[in-house]
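A short worksheet on the structure shown next.
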Amino acid sequence: MDSMLSQGVGSESGERSSNVQVSTSDAHKVDGKNPSEVIHWHNRGVAARALHLSRGVEKPSGRVTYIVVLEGLCRFNIEELNTRGPYCTAKISPLEMTKSEMEQVEQDPDFVTLSRQFKAIAMELISILEQKQKTGGRIKVLLETLPFHKLADIFVASFEISFEEQLCMLDSVDPKVRLSKATELVDRHLQSIRVAEKITQKVEGQLSKSQKEYLLRQQMRAIKEELGDNDDDEDDLASLERKMQNAGMPSNIWKHAQRELRRLKKMQPQQPGYNSSRVYLDLLADLPWQKASEEQELDLKAAKDHLDCDHYGLVKIKQRIIEYLAVRKLKPDARGPVLCFVGPPGVGKTSLASSIAAALGRKFIRISLGGVKDEADIRGHRRTYIGSMPGRLIDGLKRVGVCNPVMLLDEIDKTGSDVRGDPASALLEVIFVATANRMQPIPPPLLDRMEVIELPGYTAEEKLRIAMQHLIPRVLDQHGLSSAFLQIPEDMVKLVIQRYTREAGVRNLERNLAALARAAAVRVAEQEQVVSVSKDVHKITSPLLDNRLAEGAEMEMEIIPMGVNNHEISNAFRIASPLVVDEAMLEKILGPPRFDDQEAADRVATPGVSVGLVWTAFGGEVQFVEATSVVGNGELHLTGQLGDVIKESAQIALTWVRARVADLKLAAAEETDLLQGKDIHIHFPAGAVPKDGPSAGVTLVTALVSLFSQKNVRADTAMTGEMT
Ligand code: ADP
């Protein structure tokens, strides 16, 4: 129908619009599916001549459409309608005006005004259309040649107006009515074109703004290129893309990354999300998807030697590690549990993990989880977060640069309680080793996925062996020394262990040994026989040395990078005889003893004092209990920030002792109550430290028995346990 209408515009006839409508609706109604339906006929119509009939395309449903081109002749009135067979016939009277009638109308001043109005508005419409489609030429000719009342029909026929409006035009037999209606319709059409135009103009304005930006950017790029400054956005994205291509991502990640990159390319750099997307892709490209440290064929014997060489003792633990490695060797894709070393600080948890890495020829990375409260800190934030960051695991992977490192999750017990999930499922290649000081804070589901290996701490004897075999050689090496410069005899190491450290591990021992090594390094550097020093090793003056020595005991160990290798130093200094550490030197460098082995003996010299042991996360401590009796009326006083459990222990201990006065021969026969005229005061020293726990009973009883019997307890024995 559309094609008919547009053809109609060019035809000689003016009244085809209504013509078409009527005939279409007729046809429709005649072959309508429902002949019994009452057909409502309009009482006006248009007589038309069929000019052309063509077969249209066949629809997939098999229906064929036909296109009929009609030429309208004139309006008519229906006088009488007959239905015969499948179609209708009617008696009609034409509504065409005669020439003289027409001439008369043309004289009418109203008609003249109307046609002038119509012509003006029609012209306006045409010129707008002309600008847009360049098709106005023919219509302009029509405007000049056709009579106005016919023009009105033509114009209106080319708009989209409702069927009712079309009928209304058909009904406007009077040329004046027809003109004024047409003027109205044309005007309306004009308005809607104008509104549409306004909107497009606005859009075009915006477009041209972005075009302008584009142009400016192009210019900027040219300028930058000229300046040799090439890091602008597009180059940036191109290099990002290249980097992504070289990253060796697995196909699913690659697809995802590609999608993200396409999105990024469509964005303006100022757009929100551009940067986070960019950073994200950068991270993806940075991750070691394929880069792996080449895993050596696992040689269990060599691995065992390696562990033995790095660590003294720990036989069972090393055995367990070897077992773990053996399983991995036999079934590399087995998702074995994560090893978790639990023990006090300085017992070698970290260094065992790094030995595992060395034994496997893999890189080692330590990720500290201490203090992590937010799960997202480990897992990573949502990318849409402002300031979002990759999680610590991913960050660690990026830093280490290979996809199969040994990853140490340090202090897993220090995270908030919310660390859920199994990191191993996300990162299969990685070997995880975790450390913790205590097991109790680790959430059970996490603990369940780990193989816990406990490292309880070392005895003094073990510490001595570790120091002699491992710590001293390492410390000397780190300070550019050797046994030719400094010797620390076993006796002195024992003294360091007894007087300067009280710990389960060997960390402070190592620090103290390092302090000795530093002092020795200074002394060596100060020697007269200095031959030329190749690099920046400065001669240190005596006052400085003395300052350092005075501070020595309090100083934390730090490894001072010498910037020169050991041989250079060895060659640079020649020393007559090695420096041998003695007691005086210990005191000078490490300060007065921090822990007195006489302390226990001094304390228990008074009856009523006993020696207990308490458990702490750092391994444990010696805890004295002091009981005193004073004049009073049988009350028990407890001090030292005690918890309820300890308070009860003290009550029980007192009752236990009172109940056994005779057995223990604590009082003369006539005295039945130990507390007659007395108060008992029990104090736990280190009053500022809160104390609680279930194993002080035996120590309390011992203190009370010692008090009542006035016998001293042994200084070389400490105890822990409960009384019932
Ligand atoms: P942790 O991680 O348990 O706190 P580290 O692994 O950092 O302790 O150990 C502290 C220091 O003690 C390291 O230099 C380590 O090599 C040394 N060390 C601990 N145990 C041993 C051991 N059994 N043999 C040799 N050195 C040890």
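Take 1 as the starting number for the sequence shown in the UniProt record's numbering and just add one per residue.
Yeah, the Cβ is synthetic: ideal placement off N, Cα and C, and Gly gets one too.
With a threshold of 6 Å, establish whether the CB of S351 neighbours any heavy atom of the ligand ADP.
Yes; taking the cut-off as 6 Å, the Cβ of S351 has a heavy atom of the ligand ADP nearer than that.
Using only the alpha-carbon positions, how far apart do F432 and G634 sit?
Per the coordinates, the alpha-carbon of F432 lies some 60 Å from the alpha-carbon of G634.
Expressed to the nearest angstrom, what Euclidean distance is found between the alpha-carbon atoms of F159 and K176?
Take the alpha-carbon of F159 and the one of K176: they are about 20 Å apart.
Using 6 Å as the cut-off, classify the Cβ of G346 as near or not near the heavy atoms of the ligand ADP, replying yes or no.
G346: yes, Cβ under 6 Å from the ligand ADP.
Three or more C-beta pairs closer than 8 Å, one from the segment 447-463 and one from the segment 480-488: is that the case here?
Short answer: they don't touch.
Please state whether the Cβ-Cβ distance between I317 and K304 is less than 7 Å.
No, Cβ-Cβ distance for I317 and K304 is not below 7 Å.
How big is the Cα-Cα spacing for K119 and R194?
The alpha-carbon atoms of K119 and R194 are separated by roughly 18 Å.
Are the beta-carbon atoms belonging to F595 and G640 less than 7 Å from one another?
At a Cβ-Cβ threshold of 7 Å, F595 and G640 do not count as neighbours.
Evaluate contact between the segment 240-258 and the segment 273-281, counting only Cβ atoms and requiring at least three cross-stretch pairs below 8 Å.
Touching, yes.
For A686 and G361, I'd like the C-alpha separation in whole angstroms.
A686 and G361: Cα-Cα distance of roughly 48 Å.
How big is the Cα-Cα spacing for N77 and S93?
Straight-line Cα distance between these residues: approximately 5 Å.
If you pair each beta-carbon of the segment 441-451 with each one of the segment 284-295, do three or more pairs fall below 8 Å?
Touching, no.
Starting from K91, trace the alpha helix (DSSP H) in both directions and tell me its first and last residue.
Membership of K91 in any alpha helix (DSSP H) is not indicated; the residue belongs instead to the beta strand (DSSP E) covering Y87 to P94.
Coarse secondary structure for G697, derived from DSSP in three states:
Here G697 sits in helix by DSSP.
Compare the beta carbon distance of H52 and V69 with 7 Å and say whether it is the shorter of the two.
In this structure, V69 lies closer than 7 Å to H52 by Cβ.
Considering Cα atoms alone, identify which of L642, A436, A47 and R320 is closest to Q623.
Here the closest residue by C-alpha is L642.
Beta-carbon proximity list for G370, same chain, < 6 Å, skipping 5 on both sides:
If we look at G370 and ignore the five residues flanking it on each side, its Cβ neighbours are E411 and K414.
For Y66, three-class secondary structure by DSSP
For Y66, the three-state secondary structure derived from DSSP is strand.
Below 6 Å CB to CB, which residues in the same chain sit around E626 once its five sequence neighbours on both sides are set aside?
Once the five neighbours on either side are set aside, the close Cβ partners of E626 are V609 and H683.
Which parts of the segment 436-480 are runs of the alpha helix (DSSP H), unbroken and 4 residues or longer, counting only runs that do not cross its ends?
Counting only runs that start and end inside the segment 436-480, the alpha helix (DSSP H) elements of at least 4 residues fall at 444-448, 460-466 and 472-478.
Cβ-heavy atom distance between I488 and the ligand ATP below 6 Å?
The ligand ATP is not among the ligands present in this structure, which contains only the ligand ADP.
Determine the contact status of A460 and A600, defining contact as a CB-CB distance below 7 Å.
No, these two residues do not count as a Cβ contact at 7 Å.
Residues bridged to C74 (per DSSP):
Per the DSSP secondary-structure output, C74 pairs in a beta bridge with A47.
Threshold first: 4 residues or longer. Then list the alpha helix (DSSP H) segments lying entirely within the segment 628-713, N to C.
Complete alpha helix (DSSP H) runs here, min 4: 644-659 and 697-709.
Where the alpha helix (DSSP H) through M169 begins and ends
For M169, the enclosing alpha helix (DSSP H) begins and ends at F163 to D171.
So, with DSSP's three-state summary, where would you put E551?
Residue placement at E551 is flagged as unreliable, the pLDDT there being 40, under the threshold of 50; a coordinate-derived value is accordingly withheld.
Where L325 and W254 are concerned, what is the direct C-alpha to C-alpha distance, given to the nearest angstrom?
Distance from the CA of L325 to the CA of W254, rounded to the nearest whole angstrom, comes to 33 Å.
Exposed or buried, which one is M102 when buried takes at least 16 other CB atoms within 10 Å?
So M102 ends up on the exposed side.
Residue ranges of each alpha helix (DSSP H) run of no fewer than 4 residues wholly in the segment 194-262, ordered along the chain?
Scanning the segment 194-262 for uninterrupted alpha helix (DSSP H) segments of 4 residues or longer gives 233-246, listed from N- to C-terminal end.
Verify whether the separation of the beta carbon atoms of L73 and A47 is less than 7 Å.
For L73 and A47, yes; Cβs fall inside 7 Å.
Using the Cα positions of V645 and V604, report the straight-line distance between them to the nearest angstrom.
Taking the straight line joining both Cα atoms gives about 25 Å.
Assuming the contact rule is C-beta atoms closer than 8 Å, S100 and L179 should be a hit. Round their C-beta distance to whole Å, please.
In fact, because the Cβ distance is near 20 Å, the residues do not count as touching under 8 Å.
If you reduce the DSSP assignment to three classes, tell me which class K398 lands in.
K398 carries a helical assignment under DSSP once its states are collapsed to helix, strand and coil.
Have a look at A122 and S54 and give me their C-alpha separation to the nearest angstrom.
Taking the straight line from one Cα to the other gives about 33 Å.
Taking the C-alpha atoms as reference points, what is the distance between S483 and L476?
Those two C-alpha atoms are separated by around 8 Å.
Where Q191 sits in the DSSP three-state scheme:
DSSP, read as helix, strand or coil, puts Q191 in helix.
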